[in-house]
Amino acid sequence: MEAIQPCLTAVVRKELLKHQDQDVKVLLATCFCEITRITAPEAPYSDDVLRTIFRLIVGTFGGLADVNSHYFSRRVAILETVARYRACVVMLDLECNDLITDMFQTFLEIVR
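Just so you know, the sequence shown maps onto residues 1 to 112 in UniProt numbering.
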């Protein structure tokens with residue numbers, strides 16, 4: 001864990017987490033998915049930072065409606081990681097109920 005600490009710190013900088021560019025958000029969410037894969041089952045961030053990360057990740061799911069997007073496959077990979085590592089359970093533990101609702105509303109809007 002110590003070897004990746006500089007990376008863990010770099011990706012949670014406010015400038016990145018609050019970035020407005022959708023491409024940056026997708027790439028950052030991809031980084032968090034890889035971090036989750038590497039560090040599972042431990043969470044390398046505080047609860048507040050995890051909530052912010054989950055907001056970012058859920059925010060990328062709206063782009064799943066555009067199957068022609070150059071980031072569509074990345075969004076699918078993010079969704080697969082959320083499912084594989086049961087991120088919804090962590091979100092419930094963090095009391096992110098509204099975020100889970102938003103996520104499923106997004107999924108339902110996309111499939112309509």
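Using N, Cα and C, we set each Cβ at its ideal position, and we do this for glycine too.
{"query": "Looking at the structure shown, is residue 20 part of a helix, part of a strand, or coil, going by DSSP?", "result": "coil"}
{"query": "Would you identify the three-state DSSP class for residue 89, choosing helix, strand or coil?", "result": "helix"}
{"query": "Excluding the 5 residues flanking residue 50 on each side, which residues of the same chain have their C-beta closer than 8 Å to its C-beta?", "result": "43, 90 and 94"}
{"query": "Return the first residue and the last residue of the alpha helix (DSSP H) that residue 109 is part of.", "result": "97 to 111"}
{"query": "For the putative contact between residue 61 and residue 79, defined by C-beta atoms under 8 Å, what is the C-beta separation to the nearest angstrom?", "result": "7 Å"}
{"query": "Flag this pair as yes or no: are the beta carbons of residue 108 and residue 100 separated by less than 9 Å?", "result": "no"}
{"query": "For residue 71, which residues in the same chain have their Cβ closer than 6 Å to its Cβ, ignoring the five residues on either side in sequence?", "result": "26"}
{"query": "Please check the pair residue 82 and residue 57, which I expect to be a contact at CB under 8 Å, by giving their CB distance rounded to whole angstroms.", "result": "7 Å"}
{"query": "Can you grab the Cα-Cα spacing for the pair residue 74 / residue 41, in whole Å?", "result": "22 Å"}
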